Amino acid sequence: MLDLERQALVFYLCLLLPAVLVTTAFVAWPIVKLFQISLHELRLSELMRPIVKPMTLANYERALLHPDMPRVAFTTAVFTVASTAIAFLLGMATALALGSLGRGRAAMQTVLISPWAVAPVIASVVWMLLLDERFGLINAAVLGTGLASSPVPFLSAPDWALLSVTLVAIWKEYPFFTVMMAAALQSVPRELYEAARLDGAGPVALFRHVTWPLVRPVAVVAIFLATMSAFRNVETIMVMTGGGPARSTETLALRVYTETFRFLSPGTGAALGVATLLVGLLLAAVFWPAMMRKVR
Numbered sequence: 003m004l005d006l007e008r009q010a011l012v013f014y015l016c017l018l019l020p021a022v023l024v025t026t027a028f029v030a031w032p033i034v035k036l037f038q039i040s041l042h043e044l045r046l047s048e049l050m051r052p053i054v055k056p057m058t059l060a061n062y063e064r065a066l067l068h069p070d071m072p073r074v075a076f077t078t079a080v081f082t083v084a085s086t087a088i089a090f091l092l093g094m095a096t097a098l099a100l101g102s103l104g105r106g107r108a109a110m111q112t113v114l115i116s117p118w119a120v121a122p123v124i125a126s127v128v129w130m131l132l133l134d135e136r137f138g139l140i141n142a143a144v145l146g147t148g149l150a151s152s153p154v155p156f157l158s159a160p161d162w163a164l165l166s167v168t169l170v171a172i173w174k175e176y177p178f179f180t181v182m183m184a185a186a187l188q189s190v191p192r193e194l195y196e197a198a199r200l201d202g203a204g205p206v207a208l209f210r211h212v213t214w215p216l217v218r219p220v221a222v223v224a225i226f227l228a229t230m231s232a233f234r235n236v237e238t239i240m241v242m243t244g245g246g247p248a249r250s251t252e253t254l255a256l257r258v259y260t261e262t263f264r265f266l267s268p269g270t271g272a273a274l275g276v277a278t279l280l281v282g283l284l285l286a287a288v289f290w291p292a293m294m295r296k297v298r
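Residue numbers in the sequence shown follow the working numbering, run continuously in steps of one, and reach 298 at the last position.
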C-alpha cells in the first residue's frame, strides 16, 4: 500500500514538474536577477557579464530618496485609484443596464466592450491625436461649439495631462469590469429577486441585499486585477505624454523604464522595480482577505 502511495506521489510530482520549471524560468529567476542588479552599480553593457562589483545600497538611496519620489508616488496613487474606481463604477452600471435589456443585448455588449479589444499602444496613439491641442478633433469640437475660446491644453498642461491619461485608462479598463460583472450578475438566481420583491424590497434594497453580496467575490477579484494593471500601466502614459509635461504624469512604473533605458542606470531602475514588486505584494496582501471571504 505504501509503495502505491509513493508511486502516486512521484506521478503527481512529475505532473507538477513542467509548471515548476516554467515558473522558475520566467518568474522566480527574473526576480532573483532583479534583486541582484539592484544591489550593484552597473551599466547596461555589464548586465550580461558576471557581476564582480561589491554590493551596495546606493541604488535604493538614489531611487527612493530622490526629491521627485513623493510626486511620483502621489501621481501613481491618483492614477491607479481614480482609474480603477471610476472604471469599476462605470462597468458595474453598464453591466446592470445590460442585464435589463432584452433583444439586442449581445450586440450592445459587443459594442461596449470593444475598447478592451484595442491594443493599448494603438488606443493611446488614437487618443493622443484626438486630444492634440492644434489638430485634435476634440479641441475642434470644443472650439466649434463655443465651450472654450482657446484650445484646451489636454496634454501640455500638468493638471489636464494627468486628467487626460486617467480618462483614457478608464475608457480602456471599464469594459473589463463590464464583462466580469455581467457574468457575475447572470449567476444570481432570479428566485432571490422575486422573493425580495414580495417582501417589498425596492431597487436599492435589491442591489444592497441580493445583488452585491453575491457578485462581491467577483468584484473584488476584478478590482484587484484592474488595480495591478493600472499600477503597472506604462504604455498609455509613455505614448500620450512621456511622463510630462514637467513630469506631471510620471508614475512609478514609467520611472523604472526611464531610469533603465533613458538614463542608462539599470541598478536604479532595478531598485525601483523591487519597490514596485513590494508595493504589488502589499496590494495583494490587502486584497487577499476580501477575496477569501465567503458569501453569506
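Glycine included, every Cβ here is placed at the ideal spot set by N, Cα and C. Being a predicted model, the structure only gives us computed values, none of them experimental.
Can you tell me where the alpha helix (DSSP H) with residue i in it begins and where it stops?
i, result
"A221", "W214 to F233"
"P177", "P160 to Q188"
"G202", "Here G202 belongs to no alpha helix (DSSP H), and DSSP marks it neither H nor E."
"A95", "M71 to G101"
"R249", "Per DSSP, R249 belongs to no alpha helix (DSSP H) and is neither H nor E."
"G244", "It is not in any alpha helix (DSSP H) - G244 carries neither H nor E in the DSSP assignment."
"S40", "W31 to S40"
Give the DSSP-derived three-state secondary structure of residue i in the structure shown.
i, result
"V154", "coil"
"K55", "coil"
"E237", "helix"
"L208", "helix"
"M50", "coil"
"F137", "coil"
"T147", "coil"
"F13", "helix"
"V120", "coil"
"P191", "coil"
"R64", "helix"
"R45", "coil"
"F263", "helix"
"R8", "helix"
"R107", "helix"
"R295", "coil"
For residue i and residue j, I'd like the C-alpha separation in whole angstroms.
i, j, result
"L6", "A119", "49 Å"
"S126", "A228", "18 Å"
"E135", "L157", "8 Å"
"A142", "G202", "51 Å"
"M183", "P215", "13 Å"
"E48", "A10", "47 Å"
"F28", "A21", "11 Å"
"V170", "Y259", "21 Å"
"Y195", "V217", "14 Å"
"L200", "D70", "59 Å"
"L44", "R107", "56 Å"
"E237", "G245", "11 Å"
"M242", "T78", "16 Å"
"V74", "A60", "20 Å"
"A163", "E252", "11 Å"
"W173", "L145", "23 Å"
"S250", "D161", "8 Å"
"L46", "A221", "42 Å"
"L274", "V83", "20 Å"
Given that a residue counts as buried once 16 or more other Cβ atoms are within 10 Å of its Cβ, and exposed if not, what is residue i?
i, result
"R264", "exposed"
"V113", "exposed"
"V128", "exposed"
"P267", "Reading the sequence as shown, one finds Ser at residue 267 and not Pro. Per the 10 Å Cβ criterion, buried."
"S40", "buried"
"T26", "exposed"
"H42", "buried"
"G93", "buried"
"A89", "buried"
"M57", "exposed"
"A185", "exposed"
"A197", "exposed"
"F13", "exposed"
"S102", "exposed"
"V34", "exposed"
"F137", "exposed"
"V288", "exposed"
"M50", "exposed"
"F233", "buried"
"F76", "exposed"
"L15", "exposed"
"E175", "buried"
"I124", "exposed"
"G148", "exposed"
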